[in-house]
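Numbering (this note's numbering), first residue to last: 3 to 198. Backbone N, C-alpha and C define an ideal beta-carbon position, used for all residues, glycine too. So the structure is just underneath, and the comments pick up after that.
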């Protein structure tokens, strides 16, 4: 299985999947950074649909993940909706029954009579729904427990209102997983060998 790694294909274990840095500006005036990120739960992910069209050079994948947990250090500064928010510390984001739709077009190159996917042409488009989500950001507002608890409570009670902002780091991680997996599988392997 890809998620447990494959030495022959040089795919590391994704249990957990580790990302050293995710740095985004999910909305104007809000800086958000996650470091030493570990995504647990990829062993609960199942492919619900997959389509590859070599003629149109398109790829589509749908995943359903029953339970995942992201553990990292975070740094945030700016405005979350109408709330000024800042802090650094540990973060934990839990997601239940998440759905992910990945699609991309790809180019092909020919070498020695064989066709290869041009890996640099892969630019995944991700549609992510985290399902039921729970956020816990510790040490917000320099450790002010009252303010920090209120922000965590607001996010957990209003997930739809913050989804556009909080989904951006998740999408960045999913893109990293897809690109790393595709590069590992397709590096040096012709498309004809993959689908023979």
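Residue 73 sits in a strand when the DSSP states are folded into three classes. Taking 8 Å as the upper bound for CB-CB distance, residue 143 and residue 154 are not in contact here, some 11 Å apart.
Looking at the DSSP output, residue 18 shares a beta bridge with no other residue. Per DSSP, residue 59 lies in no beta strand (DSSP E) and is assigned neither H nor E. In terms of Cβ geometry, residue 63 and residue 124 do not form a close pair [threshold 8 Å].
Collapsing the DSSP output to three states places residue 161 in a helix. If you compare the alpha carbons of 118, 95, 46, 68 with that of residue 39, the shortest gap goes to 95. When rounded, the separation of the alpha-carbon atoms in residue 108 and residue 119 is 7 Å. Residue 47 places its beta carbon less than 8 Å from that of residue 65. Closest option to residue 197, judged by alpha-carbon separation, among 117, 129, 23: 117. Short of 7 Å from the beta carbon of residue 129, and not among the five residues preceding or following it, lie these beta carbons of its own chain, in chain order: 103.
Per DSSP, the unbroken alpha helix (DSSP H) holding residue 196 starts and ends at 193-196. Going by DSSP, residue 117 is part of the beta strand (DSSP E) stretching over 116-120. Classified as exposed, residue 145 has fewer than 16 neighbouring CB atoms from the shown chains inside 10 Å of its CB. DSSP places residue 108 in the coil class of the three-state scheme, outside both helix and strand.
Contact check for residue 83 and residue 45: beta-carbon distance about 34 Å, past the 8 Å limit, so the pair fails to qualify.
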